[in-house]
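Numbering (this note's numbering), first residue to last: 36 to 329. Even glycine gets a Cβ: it sits at the ideal position worked out from N, Cα and C.
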Ligand code: HH2
């Protein structure tokens, strides 16, 4: 393993606290559970479109150890087209409202749309997950105004076109530079540094080779000044490597990437299979920290 540096060494305090939430990194990496309230997400589309079932799944993920529940109302899989703000709000708001009342962990809203994000914040969301890394600068203003953390993800192009012909001269350098410049912009717009998370955006405008290069060099992101989040869960590059077409069956490949990320010092992993990945995260955290009691 290239780096054993934890993010606490580069990012300061182990506890990140804000009016609507708190994240504790003292045991190492923590886990974000994915809750897609969509009919067409690549791996669980349609499973949680019903609000009652979505809330149940969110509660289960929190009970299983997820430290954040990430609620999304629009699939951003390759080739997907955007849907209206109204439709997204209709999907996510009832779920966020119900979950915010029932779970202690923060709920993040997976959206890059200002109106959707604002509605989600008013419904009780406590974090922003923006796959466009503040392409709309008003998103940073929302984060500052509601005093919530923001996840900045890198994407080349848009979901509709991003996988047609992604190109980089130096994918690691370019993605990192982009994220650092957006993180600086967020700080300038009033988001404190400890509330900013950077994410290289695995699978978003990246070939298999790009994804592997980013994962092989994840220590370079960890060594930057911001905490890192990674989402590899069930993604198609794992299907390409393992020959498994069904995304829900890509658990072992996902586990391998999660183990690698945790060992490299990543702060948050975004996953669908919370129970299984909790075992991976706990095991690697214990090895890294030399602590058998976590
Ligand atoms: N990946 C997906 C969606 N949102 N957000 C961040 N920060 N990082 C990611 O890697 C990421 C993300 C895609 O996964 P999923 O939500 O399961 O699929 P879909 O977009 O089809 O709903």
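Since residue i and residue j are thought to touch, with beta carbons under 8 Å apart, how far apart are those beta carbons, to the nearest angstrom?
i	j	result
residue 286	residue 311	6 Å
residue 301	residue 257	6 Å
residue 67	residue 304	7 Å
residue 248	residue 295	Actually they are not in contact, since the Cβ atoms of residue 248 and residue 295 sit about 13 Å apart, beyond 8 Å.
residue 178	residue 226	5 Å
residue 130	residue 93	7 Å
residue 281	residue 63	Contact doesn't hold; Cβ gap of about 31 Å is too wide.
residue 189	residue 236	4 Å
residue 261	residue 299	No, residue 261 and residue 299 are not in contact; Cβ-Cβ is about 15 Å, not under 8 Å.
residue 49	residue 60	5 Å
residue 207	residue 255	6 Å
residue 138	residue 307	Between residue 307 and residue 138 the Cβ distance is about 17 Å, and since that is not below 8 Å, they are no contact.
residue 224	residue 172	6 Å
residue 101	residue 309	5 Å
Find the nearest neighbour of residue i within the set the options, judged by alpha-carbon distance.
i	options	result
residue 157	145, 132, 171	132
residue 23	221, 234, 291, 207	Nothing can be reported for residue 23: it is not among the residues displayed for the chain, which extend from 36 to 329.
residue 127	111, 116, 139, 151	151
residue 170	221, 137, 204, 195	221
residue 267	260, 167, 283, 149	283
residue 200	245, 217, 160	245
residue 84	73, 93, 91	73
residue 34	111, 318, 62, 137	Given a span of 36 to 329 for the chain in the structure shown, any question on residue 34 remains unanswerable.
residue 181	56, 46, 265, 211	56
residue 134	89, 262, 117	89
residue 148	137, 175, 136	175
residue 99	265, 316, 323	316
residue 120	91, 154, 136	154
residue 318	46, 118, 165, 65	65
residue 78	265, 91, 53, 289	289
residue 76	91, 46, 194, 52	194
residue 209	196, 191, 224	191
residue 211	116, 53, 252, 122	252
residue 146	109, 122, 125, 136	109
residue 216	197, 259, 196	259
residue 51	198, 162, 325	162
residue 265	53, 164, 82	164
residue 91	54, 136, 276, 58	136
residue 53	197, 125, 325, 228	228
Tell me the DSSP bridge mates of residue i?
i	result
residue 67	103, 305
residue 56	53
residue 187	165, 233
residue 138	For residue 138, which the question treats as bridged, DSSP gives no partner whatsoever.
residue 143	105, 162
Using 8 Å as the limit for Cβ to Cβ distance, is residue i near chain D?
i	result
residue 281	Reference to chain D is not applicable here, since this structure consists of a single protein chain.
Check your understanding: Is the number of C-beta pairs between the region 228-246 and the region 265-272 that are closer than 8 Å three or more?
Key -> yes
Check your understanding: Can we say the region 222-235 touches the region 181-198, given the rule of at least three CB pairs closer than 8 Å?
Key -> yes
Check your understanding: Three or more C-beta pairs closer than 8 Å, one from the region 136-143 and one from the region 103-115: is that the case here?
Key -> yes
Point to revise | Any beta strand (DSSP E) of 3 or more consecutive residues that is wholly inside the region 213-266 | key: 231-234, 262-265
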